[in-house]
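The C-terminal residue of the sequence shown carries number 2039 in my numbering, and the numbering is unbroken.
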Amino acid sequence: MMKKKRLSASKASLVLFLCQMISALDVPLDSKLLEELSQPPTITQQSPKDYIVDPRENIVIQCEAKGKPPPSFSWTRNGTHFDIDKDAQVTMKPNSGTLVINIMNGGKAEAYEGIYQCTARNERGAAISNNIVIRPSRSPLWTKEKLEPHQVREGDSLVLHCRPPVGLPPPIIFWMDNAFQRLPQSERVSQGLNGDLYFSNVQPEDTREDYICYARFNHTQTIQQKQPISVKVFSMDSLNDTIAANLSDTDIYGAKPVTEKQPILLTPTGSTSTKVELRGSVLLLECIAAGLPTPGIHWIKEGGELPANRTFFENFKKTLKIIDVSEADSGNYKCIARNILGSAYHVISVTVKAAPYWITAPRNLVLSPGEDGTLICRANGNPKPNISWLANGVPIAIAPEDPSRKVDGDTIIFSHVQERSSAVYQCNASNEYGYLLANAFVNVLAEPPRILTPANKLYQVIADSPALLDCAYFGSPKPEIEWFKGVKGSILRGNEYVFHDNGTLEIPVAQKDSTGTYTCVARNELGKIQNEVQLEVKDPTMIIKQPEYKVIQRYGQVSFECIIKHDSTLLATVTWLKDNDELPDDERFLVGKDNLTIMNVTDKDDGTYTCIVNTTLDSVSASAVLTVVAAPPTPAIIYARPNPPFDLELTGQLERSVELSWIPGDENNSPITSFVIEYEDGLHEPGVWHYQTEVPGTQTTVQLKLSPYVNYSFRVIAVNEIGRSQPSEPSEQYLTKSANPDENPSNVQGIGSEPDNLVITWEPLKGFQSNGPGLQYKVSWRQKDVDDEWTSVIVANVSKYIVSGTPTFVPYEIKVQALNDLGYAPEPSEVIGHSGEDLPMVAPGNVQVHVINSTLAKVHWDPVPLKTVRGHLQGYKVYYWKVQSLSRRSRRHVEKKILTFRGNKTFGMLPGLEPYSSYKLNVRVVNGKGEGPASPDKVFKTPEGVPSSPSFLKITNPTLDSLTLEWGSPTHPNGVLTSYVLKFQPINNTHELGPLVEIRIPANESSLILKNLNYSTRYKFYFNAQTSVGSGSQITEEAVTIMDEAGILRPAVGAGKGYSETLFATSPVMHTVRPTFYKVQPLYPRIRNVTTAAAETYANISWEYEGPDHANFYVEYGVAGSKEDWKKEIVNGSRSFFVLKGLTPGTAYKVRVGAEGLSGFRSSEDVFETGPAMASRQVDIATQGWFIGLMCAVALLILILLIVCFIRRNKGGKYPVKEKEDAHADPEIQPMKEDDGTFGEYRVLPE
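This is the structure we're talking about:
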């Protein structure tokens, strides 16, 4: 017996150990880790066990699972394999096990009733879902029955039976009338749990013919109604009247008055009944009684109390509701119905059974090879459930054997597992009321340790508070965790540390010396890994000068100080509150760095002011009260600069800081706004004062940061609105200790000045940055990717060092470190420099030129090897120059042009080329030293282009009917000229252009005589040259033939219209004159034909002008006959018309036109008269656009209103509801709208 007990104790210890081990091997929820680890399938989502579906919609049976590798899915239906590939209506979602059964395209839901189960499988096992029972919802029609009217005496009880059709799920019952209004219910009239309507006693007002029972089927969203039930209640008064009317006066007869009745139970019947309910569900017990007066219902539990917080009364206390019932709720429940005549009772014996529920559900088990473990499956129920195991969905009795597995009732014990032991186990606990199914996998993993906490994570805590350093880890077998301080420190042990199971190191009380690097080491038999985290312990935040109680006179100024001390590496924020709320939004409240100032204080500023200091790690606060009193009369105020501060004192001397305090001098009626602190370095710059810092005027102490190896003395200057005070007397001197340099030189560069050297330069430290005597620099360099060791040299306090004998243009790693007599500065950062550059060695090859058009070409070349550049590749230069023009065959001075293309480009565009020319180019590579050799010259030619305009066009020898034209060839022919094109047209007196004539002239001509022109006519000429490519820019000129002064007859054809087409057709068009050229006769400027067109208040003035182009005109005018000065209006541009505005109606004016710049050159005067003033014309409103638009808008609005009225009048057709009050037709089925039993639109379903 003792041996058996020992074995049991040993087994319990083993189970406890294995449970601890299982917990230790829980896989952390790290997404990256979960992606990498193999894992058997796990069902993550599935449809409910009892799944009622809408027969009108597609059936979706959910089955989702995860695993590594991703699982595949299969299904069984009614215990056999369900081949979805053979059923066109069934599909499975991609990367999922969810089935979609297509009902909406012809499938029938009834054909897919059954029990479905999903299996998710991968190489490590198989998980299964619950048995999912698929049943389509049913909403059968009401059985037709003939309902007799109920005739009841007043005071009797009545039950109206509903008896709804049996649906799936059961319908929701409610009673309504023909107007679709719920029937009122009370203690006297109420609906039972079975849907019947109970009357404890009827009253005359209960008479009606439309008691209608409705059944609502939620899944199909339909409502069905029973045929209306008629109830007629006979009152005693009406019954006596009827009897009296049928009897003689001698008969003595009368109905008895309404008799009161003691309670009897309408439901349940009898004195006792039984009810079985399942654990966790809702227990509903009902008692409805008849009687007059209406009985009240009372509930008790025999031998106990009704459970508190879970008991509710419904339906006017006729229903007892207990939620979340348990076995303890079993017992006898008595309902008592009572009125003034007596009572009735009924006892319901309640038995609470239980479907299986978990005590210990099996949990996933992660083991390493050779380890032990257990799966425990414990469930309870009433009756007690049976426990059965499956392995990968197969009963364990017929599953493949596993020597490491042993089943012991509700426990599976694993010993010395191997990777092949991985599987998914199912535990099934079942009794007559249901079942539970749980999947739990055994995953055998062999994984070296992994640390999931980020490397070099920084933790910051306040001194004297706990510090928690994380070391989240995973491994199989479970790794052992050790902590070290520092890189080579010893293992941490002792009471000053707490080591948590999840790897976290806790330092309960962190001190300043706890700051440092902590190393977490995780190791198991498969490997070892470590991770470093950083801990910084900060000084606590303190308020070293708290705000003090203040009494201030009204309209005065008050300041509260809040001087803080905090860790210099933390950012502190100061917040002020008034009466524990935000400060008023008032510009009188000024928040400074260390103080709160209230200007022009008023009575409402009374209160408590709190200073709150927050950092990212801690928070402190302090408060003070302000009392405001009335202000006495004040004498005249004299304002002046403040007196200098005095009594300077240095305290708290440290190596890098000191506290300076002082006493302010008299502020002289102007508040001190700030103090300026200056310092003198008696060691390096005696007699020179430097700015140190500035603090608010309410502050009289300051913590000053100091540099090593400086002989400090300080002075303070007060500042107010009037100005600055004299400096205070200097403080005592304070010589700080020497120290290693804190920083290294900046702007370190390495650039070679010659091909065989490296010049290292830097910006040296300033005076007090040396931190001590003997400032020097350690210059180190090594060739990148070649040298392993650094070459170093220590130089004096200079800013340059030259390394000689270096290879040409190779990269070097460079660093410069400061040092003094006490030691070195921190390790400097490295920079990359290069030794000196040399000229590039080779020229670009394979130079190709592609001529795009006559002025643009594209050049290509192959890049040179980078090794031959021997420096920083800056780009390529293209040299190109014009050799000669192909049209003139004349050479000229060669002007080379250069285009630079930055970077490692291999092509470029050459713009601005001259057409029809021969060019040469070459390409060179460029580095920081200069240019490399040129590539061989490449010759290319540009094609012809259009020529420039002729160099000049002169018109000479004007006669009555001819003009002589002379021109010069284009300055830039841009090709071989093929011809000249001359176009001309006459211009008449109204500046209209006549027909355009075009003449083509051979390219070798340089003059032309135009004959058969009209006399005294102005002509405009357009002249341009052409090549085979096209026409060039044109040049224009104008000329006039001579006036017919001798009475020569005009040409008969086309007279006055310019060039005579008839004469042109029969006379020579042109004559070439080579020997002699004559100048054009000068055309003296003149303005003629001034005309006016006058209206009431304005006049249009127009004129004709002959003379040089670009004349600027003006118009002068005045009242005719008046001696007043002429009024002058400038004409904008060179137009030949102008509008005079603002004239007086019915007035004669004189006008003349002149040209600016031509002294005394004006037209002759003209006289015109403005029209008389006319009466305003009366406007007919009916013809106005705005009135017509308004009338259209009114008509459109009336039309819209008529359409709306017509639609509303006919809208009732959408709701063809029969009036069922008079004709009790067969009930209709209507779709449900809302839970309150009201209706939307209606549809009729076939019976």
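Cβ atoms here follow ideal geometry from the backbone N, Cα and C, with glycine treated the same way.
Residue from Ser-1799, Pro-1762, Gln-1303, Ser-1808 with nearest C-alpha to Gly-1824: Pro-1762
So, under 8 Å CB-CB, Tyr-1671 and Asn-1714 are touching, yes? Tell me the CB distance rounded to an integer number of Å. Contact flag correct, Cβ pair sits at about 5 Å.
Using the Cα positions of Arg-1866 and Val-1911, report the straight-line distance between them to the nearest angstrom. Unreliable positioning characterises Arg-1866 in this predicted model, as indicated by a pLDDT of 36, which lies under 50. A coordinate reading is not provided.
Cβ-based burial, Arg-974 [other Cβ within 10 Å; buried from 16]: Residue burial is scored here from C-beta neighbours: Arg-974 has fewer than 16 other C-beta atoms within 10 angstroms and is therefore classed as exposed.
Determine, using beta carbons only, whether Gln-1210 comes closer than 8 Å to chain B. Judged by its chain identifiers, the structure shown contains no chain B, having just a single protein chain.
Within the continuous beta strand (DSSP E) that includes Thr-1103, where are the two ends? For Thr-1103, the enclosing beta strand (DSSP E) stretches over residues 1103-1106.
The beta strand (DSSP E) that contains Leu-1112, what's its start and end? 1111-1114
Residue from Asn-1749, Val-1508, Asn-970 whose Cα sits closest to the Cα of Leu-1440: Measuring from the Cα of Leu-1440, the nearest candidate turns out to be Val-1508.
Quick check on DSSP: helix, strand or coil for Arg-1944? strand
Three-state secondary structure (DSSP) at Glu-1916? coil
Leu-1362 - DSSP class collapsed to helix/strand/coil: Three-state result, Leu-1362: coil.
Apart from the five residues just before and just after Pro-1533, which ones in its own chain have a Cβ nearer than 8 Å to its Cβ? Leu-1557, Gln-1561, Ser-1562, Asn-1563, Gly-1564, Leu-1567, Ala-1610, Leu-1611, Asn-1612, Tyr-1616, Ala-1617
Reference Glu-1274; option with closest CA among Asn-1316, Ala-1255, Ala-1238: Asn-1316
I need the straight-line Cα distance from Leu-1805 to Glu-1957, nearest angstrom please. 33 Å
Determine the contact status of Leu-1641 and Glu-1736, defining contact as a CB-CB distance below 8 Å. Sequence check: residue 1641 is Val here, not Leu. Contact: no.
Could you give the DSSP three-state label for Phe-972: helix, strand or coil? coil
Identified DSSP bridge partners for His-1626: Ile-1543, Pro-1603
Ser-1413 versus Pro-1339, Glu-902, Arg-1516, Arg-1433, residue with shortest Cα-Cα distance: Pro-1339
Between the C-alpha atoms of Gln-1818 and Ser-1928, what's the straight-line distance to the nearest angstrom? 35 Å
Alpha-carbon spacing of Leu-2043 relative to Gln-1017, whole angstroms: Residue 2043 lies beyond the residue range present for the chain, which begins at 793 and ends at 2039; the question has no answer from this structure.
In whole angstroms, what separates the C-alpha of Pro-832 from that of Glu-915? 8 Å
Taking just the CA atoms, how far does Ser-1679 sit from Val-1768? One C-alpha to the other measures close to 6 Å.
Beta-carbon proximity of Ile-2050 to Leu-1442, cut-off 8 Å: Since the displayed the chain opens at 793 and closes at 2039, residue 2050 lies outside it and no answer follows.
Who does Trp-1673 pair with in a DSSP beta bridge? Lys-1712
For His-1664, list the residues DSSP reports as bridge partners. DSSP output for His-1664 lists no bridge partner at all.
Spell out the partners DSSP gives Met-1633 in its beta bridges. Note: Met-1633 sits in no beta bridge, so no partner.
Per-residue DSSP class, three states only, for Asp-1331: coil
Can you have a look at Ser-802 and say buried or exposed, based on whether 16 or more other CB atoms are within 10 angstroms of its CB? Only weak support exists for where Ser-802 lies, its pLDDT of 36 falling under 50; the value from the coordinates is given anyway. Exposed is the call here.
Gln-1345 and Ala-1416 look like a contact to me (Cβ under 8 Å); what is the Cβ gap, rounded to whole Å? With 8 Å as the limit, Gln-1345 and Ala-1416 do not qualify as a contact, their Cβ atoms being about 17 Å apart.
For Arg-791, which of helix, strand or coil comes out of DSSP? No answer is possible for residue 791: it lies beyond the span of the chain, which begins at 793 and ends at 2039.
Between Val-1986 and Val-892, what straight-line distance do the alpha-carbon atoms span, to the nearest angstrom? 59 Å
Distance between Val-1313 and Glu-1224 (C-alpha atoms, nearest Å): One C-alpha to the other measures close to 54 Å.
What does a CB cutoff of less than 6 Å around Cys-811 pick up in its chain, not counting 5 residues either side in sequence? Only weak support is given to the placement of Cys-811: the predicted model assigns it a pLDDT of 37, under 50, and the question is left unresolved by the model.
Considering only residues of the same chain and omitting the five flanking positions on each side of Lys-1342, which have a CB-CB separation below 8 Å? Val-1350, Phe-1352, Ala-1416, Val-1417, Leu-1418, Thr-1419
Could you tell me the distance, in whole angstroms, from the CA atom of Ala-1007 to the CA atom of Arg-930? Spanning the two alpha carbons is a distance of roughly 12 Å.
Considering only residues of the same chain and omitting the five flanking positions on each side of Asn-1131, which have a CB-CB separation below 6 Å? Pro-1055, Gly-1083, Pro-1085, Pro-1087
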